[in-house]
Amino acid sequence: MNIFRLLGDLSHLASIFILLHKIRTTKSCAGISFRSQALYVLVYLTRYLDLLWGPWLLYNTVMKLFFIGSSVYVLYLMKFDYKPSHDMGLDNFKVEYLIGGSFVMALLFNLAFTFDEVMWSFSLWLESVAILPQLFLLQRTGEAETITTHYIFALGAYRALYIPNWLYRWVMEGRVEFIAVFAGIIQTIVYADFFYVYFTKVIQGQKFELPA
Amino acid sequence: GKEKGGKDEL
Chain W
1 MNIFRLLGDL SHLASIFILL HKIRTTKSCA GISFRSQALY VLVYLTRYLD LLWGPWLLYN
61 TVMKLFFIGS SVYVLYLMKF DYKPSHDMGL DNFKVEYLIG GSFVMALLFN LAFTFDEVMW
121 SFSLWLESVA ILPQLFLLQR TGEAETITTH YIFALGAYRA LYIPNWLYRW VMEGRVEFIA
181 VFAGIIQTIV YADFFYVYFT KVIQGQKFEL PA
Chain D
213 GKEKGGKDEL
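Chains as they are written, first to last, in the working numbering: chain W, 1 to 212; chain D, 213 to 222.
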């Protein structure tokens with residue numbers, strides 16, 4: 001564990017609490033992409049298969065269960081409790097391509113051609129693009145509630161912070177996981193435009209608005 | 213690479 005990894009994980013946790021807070025306080029899931037949320041459930045279920053056979057390190061296990069549980073809970077909230085507020089018409093990014101493309105990447109790049117390793121690789125590639133339906137929805141609406149942008153920022157910062165964590169581990173421990181690093185870099189690049197608008201507008205106290 | 217202890221990151 002190093003400071004970048006810890007901050008990354010805390011940022012990931014924060015993103016989920018911000019999302020739940022947004023849904024609760026505005027009593028609405030407007031502006032939140034159901035498709036991205038569904039992809040995250042798929043990401044966590046395929047990545048954390050090792051929950052079935054261990055080893056169960058306390059920190060990792062609690063976090064894994066939390067990420068699976070909270071992502072399923074958000075889907076439940078969106079599907080049932082706050083269904084009418086869901087932007088179904090605009091939230092129509094074709095996730096089939098993301099899932100299919102990630103699966104092909106997982107078949108090509110994996111540590112071993114076994115079910116769990118292919119699923120682990122699949123989860124990394126899918127996570128790297130899972131925010132696209134959310135960013136697409138943002139693009140379609142052209143603006144977002146500030147709290148929603150805080151959520152997306154915290155979620156993007158988590159993987160961005162894993163990059164210095166990997167560099168640190170490579171230097172200090174001689175350990176490097178190329179699939180995770182490469183997918184993590186792609187994921188951070190996917191967020192680049194969003195980060196730019198977030199830093200130049202939201203942080204300055206302005207509303208998140210995209211040029212028409 | 214993967215160690216016998218499994219994946220240690222989230």
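Even for Gly, the Cβ is constructed at its ideal location relative to N, Cα and C.
Query	Result
If you follow the alpha helix (DSSP H) that alanine 192(W) is in, where does it begin and where does it stop?	192 to 197
If you draw a straight line from the C-alpha of proline 133(W) to the C-alpha of tyrosine 48(W), how long is it?	23 Å
If you compare alpha carbons, which of Phe182(W), Gly69(W), Phe208(W) is closest to aspartate 193(W)?	Phe208(W)
Assuming leucine 161(W) and phenylalanine 17(W) are in contact, meaning their beta carbons sit under 8 Å apart, how far apart are those beta carbons, in whole angstroms?	Contact doesn't hold; Cβ gap of about 17 Å is too wide.
Counting contacts by CB-CB distance shorter than 9 Å, is glycine 217(D) in contact with chain W?	For glycine 217(D), the predicted model reports a pLDDT of 49, less than 50, meaning its position is unreliable; a value from the coordinates is still stated below. By this cut-off, glycine 217(D) is an interface position.
Mind listing the chain D neighbours of lysine 79(W)? Cutoff is C-beta to C-beta under 9 Å, in chain order.	Correct list: empty, because the minimum Cβ distance to chain D is about 25 Å.
Measuring CB to CB, does valine 129(W) end up less than 9 Å from isoleucine 186(W)?	yes
In terms of alpha-carbon separation, which member of Lys22(W), Val171(W), Gly156(W) lies closest to tyrosine 196(W)?	Gly156(W)
Can you tell me whether DSSP reads glutamate 145(W) as helix, strand or coil?	coil
Can you give the beta carbon distance from cysteine 29(W) to leucine 77(W), rounded, assuming they're within the 8 Å contact cut?	7 Å
Would you grab the beta carbon distance between tyrosine 151(W) and lysine 22(W) for me? Rounded to a whole angstrom, and I think it's under 8 Å.	6 Å
Is there a Cβ from chain D that is less than 9 Å from the Cβ of phenylalanine 67(W)?	yes
Identify the residues that DSSP records as bridge partners of phenylalanine 208(W): which are they?	Ala144(W)
Assign leucine 19(W) to one of three DSSP states: helix, strand, or coil.	helix
What residues of chain D sit near aspartate 9(W), judged by a beta carbon separation below 8 Å?	Leu222
Which word fits threonine 148(W), buried or exposed, when buried means at least 16 other C-beta atoms lie within 10 angstroms of its C-beta?	buried
Check whether the Cβ atoms of valine 41(W) and serine 15(W) lie closer than 9 Å to each other.	no
Beta carbon of aspartate 220(D), beta carbon of asparagine 60(W): below 9 Å?	yes
Could you work out which residue in Val95(W), Phe66(W), Leu58(W), Ala112(W) is closest to leucine 126(W) when comparing CA atoms only?	Val95(W)
Anyone know if the C-beta pair for glutamine 37(W) and leucine 75(W) falls short of 9 Å?	yes
Return helix, strand or coil for lysine 201(W), following the three-state DSSP convention.	helix
Less than 9 Å between CB atoms is the rule here; does lysine 214(D) satisfy it with respect to chain W?	Confidence at lysine 214(D) is low in this model, with a pLDDT of 46, below 50, so the placement of that residue should be treated as unreliable; the coordinate-derived value is given next. It does; some Cβ of chain W falls within 9 Å.
Taking the alpha-carbon positions, what's the serine 102(W) to glutamine 206(W) distance?	36 Å
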